[in-house]
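In the numbering used here, the protein residues as written are 467 to 937.
All C-beta atoms in this analysis are idealised placements derived from N, C-alpha and C, irrespective of residue type, glycine included.
On a predicted model such as this, the values are computed, not experimentally measured, just so you know.
One structure is given here, and the rest of the page talks about it.
What follows is the structure in structure tokens.
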């Protein structure tokens, strides 16, 4: 039963569209990309220029070069879509998404059901179609519709068997017994038929390997819309030389008692991603109508109604607005008067505080000046009480030491912590011995330095200025 709240999704069989890959220059701007791809598709695929095909595409970023971009394109005829879905639309009215069936297999990788590394082949049988798809590292690579649908398999079997068998019984046999039927009359013909099918599939794989530079297919998956076919994997392994498993996966969705086509699950997964903002190739021509407010008729009705309401409400609005302005002006006038009083009070308080601040700063300056004066007086007193006696004691000690070496001093000059002693003696050696004696005796207490010792040629007396720094 039709319900506009339903979200409707479907798939397009491989026989109903063309799949290919094209290259486009990287210099094509985004706004021109759609037109460029459509023109390229018409040229490369030799499409009928009189038909307006539905062309959808997805980029293959792993193949991109410095000069070219590559796109997988999917091409379908509008007439085919109408033939397929018009009868369905009588029940559902619209179809939100129609996906190319083989492309949906990529969701198996995105759901981490399969490891995306390597090249994988997928063989899928339906009543009216069958296809082979290749995926490389989890990305769509190639797909092709096969001539061996279940209907064609049935017809070919009857041809090999030599007479027509019951069609429903034949399908039941494939679904329940597969290729290992207990009917020995059918066994030989099934073996011939599926040998023929897999030789045909092998020819397609050889072409695909050459076209897409594939070294080997790492894994193969075979199945059908009615479920796995018993014995199909053995044929795949024998004729293709590839390890094969059932095309039947767990999508962590609730299952009923009966088998559900794999592509029902894959369609649901893809539709959820599209609703969340991801774009996929969508062949639908049967979009649901836009919301009432988005339609031209809806916009006209809404605009007209709004205009009438506005015209009727304008006098009332003017009266209400005028009253509001008057009340608001009175309120603002009262607030202004109050704020002026507050501002005047604050300004007076600021002037009073600034006067107090000025008095306090003057007192602080006077106290600082008094402190500096007392500090200088104390420093002078300390210098006279401590440094002078120490200097006097040092000079007395030096005088006692000079008498031991018969060295005399003519003058003593005090330069802060340094004394300059003008020494003289009858022997240069005595002056040298005296300096060495001072250095040893007052080690780490004084530092001595003398530029030179010279002899007065007239008197024969030796002179030298000794600098002594108290450490």
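* To do: Specify the secondary structure class of residue 647 as computed by DSSP and reduced to three states.
  => For the purposes of this step, residue 647 is taken as the residue at position 181 of the chain shown. Of the three classes helix, strand and coil, the one that applies to residue 647 here is coil, per DSSP.
* To do: For the region 584-615, list the alpha helix (DSSP H) runs that are entirely contained and at least 4 residues long, ordered along the chain.
  => none
* To do: Measure from the alpha carbon of residue 543 to the alpha carbon of each residue in 616, 573, 580 and 484, then state which is nearest.
  => As a working note, residue 543 is residue 77 in the chain shown. Ranking the options by Cα distance to residue 543, first place goes to 484.
* Contact belief for residue 589 with residue 598 at Cβ below 8 Å, rounded distance in angstroms -> Numbered from its first residue, the chain shown carries residue 589 at position 123. Numbered from its first residue, the chain shown carries residue 598 at position 132. Yes, they are in contact, since the Cβ atoms of residue 589 and residue 598 sit about 6 Å apart, within 8 Å.
* Using the Cα positions of residue 613 and residue 754, report the straight-line distance between them to the nearest angstrom. => Here residue 613 is taken as the residue at index 147 of the chain shown, counted from 1. Here residue 754 is taken as the residue at index 288 of the chain shown, counted from 1. Cα to Cα, residue 613 sits roughly 35 Å from residue 754.
* Alpha-carbon to alpha-carbon, residue 493 and residue 689 -> Your numbering for residue 689 matches position 223 in the chain shown. Your numbering for residue 493 matches position 27 in the chain shown. Rounded to the nearest angstrom, the two C-alpha atoms are 43 Å apart.
* To do: Check each candidate in 695, 905, 820 and 747 and name the one with the smallest Cα separation from residue 477.
  => Taking the first residue of the chain shown as position 1, residue 477 is located at position 11. Nearest C-alpha to residue 477: 747.
* Whose CA, out of 522, 551, 548 and 549, lies closest to the CA of residue 537? -> By 1-based counting over the chain shown, the position of residue 537 is 71. Measuring from the Cα of residue 537, the nearest candidate turns out to be 522.
* To do: With a floor of 3 residues, list each beta strand (DSSP E) that falls wholly inside the region 698-733, ordered by position along the chain.
  => 710-712
* residue 519 (DSSP reduced to helix, strand or coil) -> Here the question's residue 519 lines up with position 53 in the chain shown. The answer is coil: DSSP assigns residue 519 none of H, G, I, E or B.
* Asked: Which whole runs of the alpha helix (DSSP H) in the region 481-531 are 4 residues long or more, in chain order?
  -> 499-511
* Take the Cβ of residue 623 as the centre, count every other Cβ of all protein chains shown within 10 Å, and call the residue buried at 16 or more, exposed below. => What you label residue 623 is simply residue 157 of the chain shown in a count that begins at 1. Classification of residue 623: buried, given that the 10 Å Cβ count is 16 or more.
* To do: Using three-state DSSP, classify residue 911 as helix, strand or coil.
  => The count along the chain shown starts at 1 and reaches residue 911 at position 445. If DSSP states are grouped into helix, strand and coil, residue 911 belongs with coil.
* Asked: Under the rule that 16 or more other beta-carbon atoms within 10 Å means buried, what is residue 930, buried or exposed?
  -> Here the question's residue 930 lines up with position 464 in the chain shown. Under this definition residue 930 is a buried residue.
* Terminal residues of the continuous alpha helix (DSSP H) containing residue 546? -> Looking up residue 546 in the chain shown gives position 80. It spans 544-558 - the alpha helix (DSSP H) in which residue 546 sits, taken as one unbroken run.
* Cβ contact (3+ pairs, closer than 8 Å) linking the region 666-679 and the region 568-584 -> no
* Asked: What are the boundary residues of the beta strand (DSSP E) that includes residue 878?
  -> By 1-based counting over the chain shown, the position of residue 878 is 412. Segment 874-881, the beta strand (DSSP E) holding residue 878.
* In angstroms with no decimal places, state the Cα-to-Cα distance between residue 891 and residue 883. => As a working mapping, residue 891 is identified with position 425 in the chain shown. As a working mapping, residue 883 is identified with position 417 in the chain shown. So the alpha carbons of these two residues sit roughly 25 Å apart.
* Exposed or buried, residue 512, counting other C-beta atoms within 10 Å across all chains shown (16 or more means buried)? -> Translated into positions along the chain shown, residue 512 becomes position 46. Exposed.
* Have a look at residue 518 and residue 540 and give me their C-alpha separation to the nearest angstrom. => Taking the chain shown and counting its residues from 1, one reaches residue 518 at position 52. Taking the chain shown and counting its residues from 1, one reaches residue 540 at position 74. Cα to Cα, the separation comes out at about 14 Å.
* To do: For residue 578, verify whether its CB is less than 7 Å away from any heavy atom of the ligand PLP.
  => Of ligands this structure carries none, so the ligand PLP is not represented either.
* Residues of its chain near residue 761, where Cβ-Cβ distance is below 6 Å and the 5 sequence neighbours each way are ignored -> Numbered from its first residue, the chain shown carries residue 761 at position 295. Because the pLDDT of residue 761 is 48, which lies under 50, any placement of that residue in the model is unreliable, and the number read from its coordinates should be weighed accordingly. Around residue 761: no qualifying Cβ.
* Asked: Can you tell which of 875, 620 and 486 has the C-alpha that lies nearest to the C-alpha of residue 634?
  -> Numbered from 1 along the chain shown, position 168 holds the residue referred to as residue 634. Nearest of 875, 620 and 486 to residue 634, Cα basis: 620.
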